[in-house]
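Chains as they are written, first to last, in our numbering: chain A, 729 to 860; chain B, 729 to 860; chain C, 729 to 860; chain D, 729 to 860. Below you'll find the structure, written out as structure tokens, and then a few comments.
Number of protein chains: 4
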Amino acid sequence: VPESVYKLRVAYADTDQGGVVHHGTYLRYLEAARIEYMRARGIDYARFEREQGLGLVVVEANVRYKLAAHFDEVLEIHTSIPLANRAKLQFASRILRGDSVVTLAEITLACVRIREGKLVSMPAEVLALARG
Amino acid sequence: VPESVYKLRVAYADTDQGGVVHHGTYLRYLEAARIEYMRARGIDYARFEREQGLGLVVVEANVRYKLAAHFDEVLEIHTSIPLANRAKLQFASRILRGDSVVTLAEITLACVRIREGKLVSMPAEVLALARG
Amino acid sequence: VPESVYKLRVAYADTDQGGVVHHGTYLRYLEAARIEYMRARGIDYARFEREQGLGLVVVEANVRYKLAAHFDEVLEIHTSIPLANRAKLQFASRILRGDSVVTLAEITLACVRIREGKLVSMPAEVLALARG
Amino acid sequence: VPESVYKLRVAYADTDQGGVVHHGTYLRYLEAARIEYMRARGIDYARFEREQGLGLVVVEANVRYKLAAHFDEVLEIHTSIPLANRAKLQFASRILRGDSVVTLAEITLACVRIREGKLVSMPAEVLALARG
Chain A
729 VPESVYKLRV AYADTDQGGV VHHGTYLRYL EAARIEYMRA RGIDYARFER EQGLGLVVVE
789 ANVRYKLAAH FDEVLEIHTS IPLANRAKLQ FASRILRGDS VVTLAEITLA CVRIREGKLV
849 SMPAEVLALA RG
Chain B
729 VPESVYKLRV AYADTDQGGV VHHGTYLRYL EAARIEYMRA RGIDYARFER EQGLGLVVVE
789 ANVRYKLAAH FDEVLEIHTS IPLANRAKLQ FASRILRGDS VVTLAEITLA CVRIREGKLV
849 SMPAEVLALA RG
Chain C
729 VPESVYKLRV AYADTDQGGV VHHGTYLRYL EAARIEYMRA RGIDYARFER EQGLGLVVVE
789 ANVRYKLAAH FDEVLEIHTS IPLANRAKLQ FASRILRGDS VVTLAEITLA CVRIREGKLV
849 SMPAEVLALA RG
Chain D
729 VPESVYKLRV AYADTDQGGV VHHGTYLRYL EAARIEYMRA RGIDYARFER EQGLGLVVVE
789 ANVRYKLAAH FDEVLEIHTS IPLANRAKLQ FASRILRGDS VVTLAEITLA CVRIREGKLV
849 SMPAEVLALA RG
């Protein structure tokens with residue numbers, strides 16, 4: 729299964745007074761990378777939510793911060809899906825600056841019917857993501 | 729018409745690498761102050777949206793930044809409604825640190841039916857806010 | 729003086745429960761557009777802050793929200809500098825979705841010595857931005 | 729060691745178009761809870777950074793999202809420190825809405841000299857936090 733690469737530039741608003749990217753900001757970066765990962769494999773997530781009334785919600789986030797990132801740096805997020813079943817979908821990501829690992833993350837999603845917030849089985853088209 | 733006062737403490741995540749509160753953060757502060765202004769006058773905004781399907785959306789924001797605010801400072805937002813009619817509701821706020829004016833803002837809201845995003849007349853209960 | 733165009737895609741985290749981009753989010757979009765405006769004209773803002781110890785801080789923000797923007801839409805920010813003098817630098821921006829104007833904004837910046845937060849005259853290289 | 733309880737109300741800006749609190753928002757909530765945890769035990773974190781030039785930075789965040797939280801709900805964050813040594817300080821938190829567990833989190837911090845971003849030993853006054 730090929731990895732997907734998402735590139736971004738750190739915004740000024742993403743930093744905090746420590747002079748580095750705030751640790752919470754990375755969850756936004758990772759979310760944007762997942763959306764593009766899905767788009768590249770045929771799932772337009774906006775349409776997915778709108779047409780099916782389903783949402784992929786984060787049920788677990790494990791993030792290890794190895795290096796600080798700074799304003800205006802260009803980062804790359806390499807993402808793959810090591811695990812996918814009817815209950816959950818796991819994205820594994822490395823956020824890199826050049827060859828250096830800035831952040832490692834595993835984000836686990838479940839599928840819910842948005843209106844009621846009720847868990848449902850992962851749809852087949854989502855499971856297909858894991859096969860690249 | 730009496731003013732309403734809302735108190736907050738600046739969070740670490742609210743700052744940027746300039747060592748001050750990011751200018752965008754104040755819009756969140758002002759929004760929280762408006763919600764409490766309404767609650768104190770009998771409008772539970774969460775219920776308003778849910779039960780009436782209406783939303784008060786920002787159509788104009790004018791903010792003057794006079795002084796920087798910093799992490800962990802306690803700020804007070806003094807809010808009043810200088811203008812209210814069927815088309816719009818304007819909140820005027822001063823954000824203070826002690827006696828010093830940090831920020832001045834006028835935020836103008838219109839009322840929309842959320843599902844279609846269509847403008848509707850300001851409901852009577854909202855107009856009543858302006859009478860204190 | 730030519731305009732600068734900055735393109736972005738609305739992130740999921742940029743929305744609120746009204747189903748649209750939160751009004752505060754636009755200040756981040758506009759900030760990113762200003763950074764790229766400057767980069768295209770020879771000012772690397774990260775280096776500017778680091779090497780000169782100066783910062784361009786927002787002293788006034790006037791934003792008119794004409795249309796709502798939504799998750800995953802592609803927006804274009806057209807930016808120009810209608811006013812530049814020793815005291816301030818004003819950026820005027822239109823945020824467009826296709827041909828529709830989503831937001832109009834004037835953001836006025838002053839120059840400060842970051843360490844003390846003290847106002848200083850706008851440097852010549854910044855004033856040169858206004859000449860394109 | 730007694731727990732610390734931090735109370736907050738969910739802001740409108742904290743939500744996303746799924747109608748719930750965005751998963752990234754919780755890292756801000758947890759950060760604010762840590763700051764108050766420290767204040768209650770004698771560490772004014774703003775002064776700590778300013779006077780010692782040290783910062784407590786997040787090196788690992790593990791968050792399990794059990795239930796969605798919604799706009800205007802009041803949440804309580806119960807925090808303790810299960811682990812503290814020269815290399816790291818771990819905060820364990822439960823975010824509750826009434827008796828229901830919304831989120832579980834372990835946030836691990838290290839101590840850095842802010843100017844260089846270099847790791848240093850956890851100061852004695854910080855280690856003392858773990859003794860309540």
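For every residue, glycine included, the Cβ atom is placed at its ideal position computed from N, Cα and C.
Provide the residue span of the beta strand (DSSP E) that contains residue i, from first to last.
i, result
"Phe-819 of chain D", "817 to 825"
"Ile-809 of chain B", "802 to 812"
"Ile-835 of chain D", "828 to 841"
"Leu-736 of chain A", "732 to 737"
Going along the chain, which residues of its own chain have a beta-carbon closer than 7 Å to the beta-carbon of residue i, five neighbours each way excluded?
i, result
"Tyr-740 of chain C", "Phe-799"
"Ala-797 of chain D", "Val-738, Val-748, Val-749, Leu-803, Arg-825 and Val-830"
"Phe-776 of chain B", "Leu-782"
"Lys-699 of chain D", "Because chain D in this structure spans residues 729 to 860, residue 699 of chain D falls outside the shown range and cannot be described."
"Leu-755 of chain A", "Ala-789"
"Ser-828 of chain B", "Leu-795"
"Val-864 of chain A", "An answer regarding residue 864 of chain A cannot be provided, because it is not within the stretch 729 to 860 covered by chain A."
"Lys-846 of chain A", "Val-840"
Leaving aside the five residues before and after residue i along the sequence, list all residues of the same chain whose C-beta is less than 6 Å from its C-beta, in chain order.
i, result
"Ala-858 of chain C", "Ile-809 and Ala-812"
"Ala-760 of chain D", "none"
"Asp-744 of chain A", "His-750"
"Asn-790 of chain B", "Glu-834"
"Ala-820 of chain C", "Ser-808, Pro-810 and Glu-834"
"Ile-763 of chain C", "Tyr-773"
"Ile-823 of chain C", "Leu-803, Ile-805, Val-830 and Thr-831"
"Tyr-765 of chain D", "Ser-732 and Thr-807"
"Thr-753 of chain A", "Asp-742"
"Arg-792 of chain C", "Leu-832"
"Arg-769 of chain B", "Leu-857"
"Ile-771 of chain A", "none"
Report the partner residues of residue i according to the DSSP bridge assignment.
i, result
"Ser-849 of chain D", "None, per the DSSP bridge assignment."
Going by beta carbon distance, what residues of the same chain come within less than 8 Å of residue i, once the five residues before and after it are set aside?
i, result
"Gly-781 of chain A", "Arg-841, Ile-842 and Arg-843"
"Pro-851 of chain B", "Gln-780, Leu-782 and Cys-839"
"Lys-816 of chain C", "Val-787, Thr-836, Leu-837, Ala-838 and Met-850"
"Arg-767 of chain D", "Tyr-773"
"Arg-814 of chain B", "Ser-849, Met-850 and Leu-855"
"Gln-818 of chain D", "Ile-809, Pro-810, Leu-811, Ala-812, Glu-834, Ile-835, Thr-836 and Leu-837"
If you scan the segment 739 to 811 of chain A from start to end, which runs of the beta strand (DSSP E) of 3 or more residues do you find wholly inside it? 782 to 793
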